[in-house]
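> In the order they appear, the protein sequences are chains A and B.
All letters in the first sequence, in the order written, are residues 1 to 246 by UniProt numbering.
All letters in the second sequence, in the order written, are residues 1 to 246 by UniProt numbering.
Number of protein chains: 2
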Amino acid sequence: MENQKERISSPFCPYVSVDCVLLGINEDKLSVLLVERKLLENNAVGYKLPGSLIYETEELDDAALRVMKEAVGYTQMSLRQFHTFGSVARTANKEDILWLEKESHTKVTRIVTVVYLALSKKGKTVNNLDKNETMRWFPVEDLPDLPFDHKSIVEESVNEIRNWVEREPAIIYEYLPSKFTAFQLRRTYEIIYNKKFDVRNFQKKMNLLGYIVPTDEMEVGVPHRAARYYRFNKVKYNKLRSSLNK
Amino acid sequence: MENQKERISSPFCPYVSVDCVLLGINEDKLSVLLVERKLLENNAVGYKLPGSLIYETEELDDAALRVMKEAVGYTQMSLRQFHTFGSVARTANKEDILWLEKESHTKVTRIVTVVYLALSKKGKTVNNLDKNETMRWFPVEDLPDLPFDHKSIVEESVNEIRNWVEREPAIIYEYLPSKFTAFQLRRTYEIIYNKKFDVRNFQKKMNLLGYIVPTDEMEVGVPHRAARYYRFNKVKYNKLRSSLNK
DNA sequence: TCAAAAGTGTTTAGTTTACACCCATGC
DNA sequence: GCATGGGTGTAAACTAAACACTTTTGA
Numbered sequence: 001m002e003n004q005k006e007r008i009s010s011p012f013c014p015y016v017s018v019d020c021v022l023l024g025i026n027e028d029k030l031s032v033l034l035v036e037r038k039l040l041e042n043n044a045v046g047y048k049l050p051g052s053l054i055y056e057t058e059e060l061d062d063a064a065l066r067v068m069k070e071a072v073g074y075t076q077m078s079l080r081q082f083h084t085f086g087s088v089a090r091t092a093n094k095e096d097i098l099w100l101e102k103e104s105h106t107k108v109t110r111i112v113t114v115v116y117l118a119l120s121k122k123g124k125t126v127n128n129l130d131k132n133e134t135m136r137w138f139p140v141e142d143l144p145d146l147p148f149d150h151k152s153i154v155e156e157s158v159n160e161i162r163n164w165v166e167r168e169p170a171i172i173y174e175y176l177p178s179k180f181t182a183f184q185l186r187r188t189y190e191i192i193y194n195k196k197f198d199v200r201n202f203q204k205k206m207n208l209l210g211y212i213v214p215t216d217e218m219e220v221g222v223p224h225r226a227a228r229y230y231r232f233n234k235v236k237y238n239k240l241r242s243s244l245n246k
Numbered sequence: 001m002e003n004q005k006e007r008i009s010s011p012f013c014p015y016v017s018v019d020c021v022l023l024g025i026n027e028d029k030l031s032v033l034l035v036e037r038k039l040l041e042n043n044a045v046g047y048k049l050p051g052s053l054i055y056e057t058e059e060l061d062d063a064a065l066r067v068m069k070e071a072v073g074y075t076q077m078s079l080r081q082f083h084t085f086g087s088v089a090r091t092a093n094k095e096d097i098l099w100l101e102k103e104s105h106t107k108v109t110r111i112v113t114v115v116y117l118a119l120s121k122k123g124k125t126v127n128n129l130d131k132n133e134t135m136r137w138f139p140v141e142d143l144p145d146l147p148f149d150h151k152s153i154v155e156e157s158v159n160e161i162r163n164w165v166e167r168e169p170a171i172i173y174e175y176l177p178s179k180f181t182a183f184q185l186r187r188t189y190e191i192i193y194n195k196k197f198d199v200r201n202f203q204k205k206m207n208l209l210g211y212i213v214p215t216d217e218m219e220v221g222v223p224h225r226a227a228r229y230y231r232f233n234k235v236k237y238n239k240l241r242s243s244l245n246k
């Protein structure tokens, strides 16, 4: 205890950053958005999660929103804190430190990063990047080498997103467009859970939920029977959820 | 983006602490362990969550374990990271800042705190405190005034512990002694979920689980029919769980 | 013999799973 | 007319919920 107090007398302040794991579906694969990391006069040295150190008077949540705004140009998504990674070993790789010190013009030792997680908006254009930067979707099953511990962060995020969908299915509908077909919804679940669902049972359950309402609109121009469009009714959803506290 | 880089050039380093929410059951109520906070020559000014700033080369998880070791004297518990609270407004209260600056002998502006959550070991003595400090269990439904945002941290933790128990029932058995009666198990669930469970259905389910095994031992000296003791079988538990990924 | 808690089964309702065929459309 | 995906129902298996009495023990 004495020892503790002594050490606390000269407290240690690490850097604090936020990193964002934006998951989406590309070519029927669960994918994550990564930005290119450049070093030495724009020679690309691989990809990383979009992220930033936080500002002095900036909330953590706001920092994450800022990072997303800068990356994909919009923030209407369930962006939520997931986990904080602060391992001393995170900065074990010399190259990562070099890059970071060049970026921040500061001597950097340890960085505690608060990771945020979200599902992207389906099909929304991702085009708000700095001219010098590029980004790409990578299937989570086929990631490139990543700096720091970004690889394990992504892997843990994929597990977590399933828990989120189970606890709060509404986030699925932030991913989907406001009108969607039963097939789109089912496919989304299949990709997130990485397993098949029976068509009939899925449809039946979807109808029972009560907050997915059919519209009069149908697909047009498809080379097969046109599918009906459905909408997510948030008011019904909230009512149904809030009465489950019996 | 330019703006961002500029601000990052002079990065901001907040203090980083860990706080621990240790939940337990006292007098049949879900309770949280709080330590007394002293100021001005040992005048107590209320209670707070046990916590500490982190050391330069200390892992976050290790800092949380250290805080628990110092507080309750043991660390055999499912102590896991829960959420990081970093609001600028956390340090809005002048009195909190005064206390903190006295404790740390440093000018403190913002603190980002990583909160850890655990169930205490049932009945284990809590006695490893600094002579000058005292601690107490408070029912979570009846908390005293707490500094910073500790009150809402506790409230969120109570919800979270239920999610944890659902996802990983094993943590219940770290709370219970190695031999426990069906009644103890049921009562524990009832208090954590704050609702009653049907005795017969509970017993039936308990037997079906497969990882709660009866022993030959019975209670002694009780003024009523003696209850059987059961044990949690971790090997069976892990086997049963790992095959659910079908 | 009484008070106090332990232990035990059955019925009903609800939920989940498995499974196969016809329908509408564009080409 | 054929390829493509949309849409539908039923039976069986399983899970969850409701519900009351007898047993054991100490005082």
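The beta-carbon is built from N, C-alpha and C at its ideal position, and this holds for glycine as well.
(1) Would you check if the region 189–203 of chain B and the region 154–170 of chain B touch, i.e. whether three or more CB-CB distances between them fall below 8 Å?
(2) Among the candidates B/219, B/184, B/216, whose CA atom is the shortest distance from the CA of residue 202 of chain B?
(3) Sort B/231, B/94, B/181, B/209 by Cα distance to residue 219 of chain B and report the nearest one.
(4) Three or more beta-carbon pairs under 8 Å between the region 91–103 of chain A and the region 54–66 of chain A, yes or no?
(5) State yes or no: is the C-beta of residue 32 of chain B within less than 8 Å of the C-beta of residue 199 of chain B?
(6) Any C-beta of chain B sitting closer than 8 Å to the C-beta of residue 197 of chain A?
(7) Among the residues of its own chain, which have a CB less than 6 Å from the CB of residue 22 of chain B, if the five just before and after it don't count?
(8) State the Cα-Cα distance for the pair residue 112 of chain B and residue 15 of chain B, rounded to the nearest angstrom.
(9) Thinking residue 17 of chain A and residue 54 of chain A are a contact (beta carbons under 8 Å), I'd like their distance in whole angstroms, please.
(10) With 9 Å as the C-beta to C-beta threshold (strictly closer), list the residues of the region 70–94 of chain A near chain B in chain order.
(11) Give me the Cβ distance between residue 232 of chain B and residue 173 of chain B, rounded to the nearest whole Å; I'm assuming they're in contact under 8 Å.
(12) Can you check which of these residues, A/57, A/49, A/56, is closest to residue 68 of chain A by C-alpha distance?
(13) Quick one: give me the first and last residue of the alpha helix (DSSP H) that residue 206 of chain B is part of.
(14) Of all Cβ atoms in chain A, is any one closer than 8 Å to the Cβ of residue 215 of chain B?
(15) The beta strand (DSSP E) that contains residue 17 of chain B, what's its start and end?
(16) State yes or no: is the beta carbon of residue 12 of chain B nearer than 8 Å to at least one beta carbon in chain A?
(17) So what does DSSP say about residue 135 of chain B, is it helix, strand or coil?
(18) What are the start and end residues of each continuous beta strand (DSSP E) run of 3 or more residues lying completely inside the region 80–115 of chain B, in chain order?
(19) Are residue 171 of chain A and residue 19 of chain A touching if we call contact CB-CB under 8 Å?
(20) Suppose you measure from the CA of residue 186 of chain B to the CA of residue 197 of chain B; what does that come to, to the nearest Å?
(21) By the 10 Å Cβ neighbour count, where 16 or more other Cβ atoms means buried, how is residue 144 of chain A classified, buried or exposed?
(22) Straight-line CA distance for residue 87 of chain B to residue 109 of chain B?
(23) How would you call residue 224 of chain B, buried or exposed, if buried means at least 16 neighbouring beta carbons within 10 angstroms?
(24) Could you check the C-alpha separation between residue 25 of chain B and residue 155 of chain B for me, to the nearest Å?
(25) Taking only beta-carbon atoms, is residue 247 of chain A less than 8 Å away from chain B?
(26) Check whether chain A comes within 8 Å of residue 191 of chain B, counting only Cβ atoms and requiring the distance to be less than that.
(27) Report the option in B/122, B/73, B/211 whose CA atom is closest to the CA atom of residue 188 of chain B.
(28) I think residue 210 of chain A touches residue 176 of chain A, with their Cβ atoms under 8 Å apart; what is that distance to the nearest whole Å?
(29) Let me make sure I understand the geometry here. Which of B/167, B/169, B/72, B/13 has the alpha-carbon closest to that of residue 134 of chain B?
(30) Does the beta carbon of residue 155 of chain A come closer than 8 Å to any beta carbon on chain B?
(31) Measure from the alpha carbon of residue 78 of chain A to the alpha carbon of each residue in A/169, A/207, A/237, A/235, then state which is nearest.
(32) Since I believe residue 115 of chain B is in contact with residue 148 of chain B (beta carbons under 8 Å), could you give me their beta-carbon distance rounded to a whole number of angstroms?
(33) Alpha carbons only, please: which of B/137, B/38, B/36 is nearest the one belonging to residue 28 of chain B?
(34) Could you tell me whether any Cβ in chain A is nearer than 8 Å to the Cβ of residue 116 of chain B?
(35) Please tell me whether residue 60 of chain A has its Cβ less than 8 Å away from any Cβ of chain B.
Quick answer:
(1) With the cut-off at 8 Å, the region 154–170 of chain B and the region 189–203 of chain B touch.
(2) Residue 202 of chain B has its Cα closest to that of B/184, out of B/219, B/184, B/216.
(3) B/181
(4) no
(5) no
(6) no
(7) 33, 118, 120
(8) 6 Å
(9) The beta-carbon distance between residue 17 of chain A and residue 54 of chain A, rounded to whole angstroms, is 7 Å. This is short enough to meet the 8 Å contact definition.
(10) 70, 81, 83, 84, 85, 86, 87, 88, 89
(11) 4 Å
(12) A/49
(13) 199–209
(14) no
(15) 15–26
(16) yes
(17) strand
(18) 80–85
(19) no
(20) 7 Å
(21) exposed
(22) 11 Å
(23) Residue 224 of chain B is exposed by the Cβ-count criterion.
(24) 15 Å
(25) A query on residue 247 of chain A cannot be resolved here, the shown segment of chain A reaching from 1 to 246 and no further.
(26) no
(27) B/122
(28) At roughly 17 Å, the Cβ-Cβ gap does not stay under 8 Å, so residue 210 of chain A and residue 176 of chain A are not in contact.
(29) B/72
(30) no
(31) A/169
(32) Incorrect: roughly 11 Å between the Cβ atoms, too far for contact.
(33) B/137
(34) no
(35) yes
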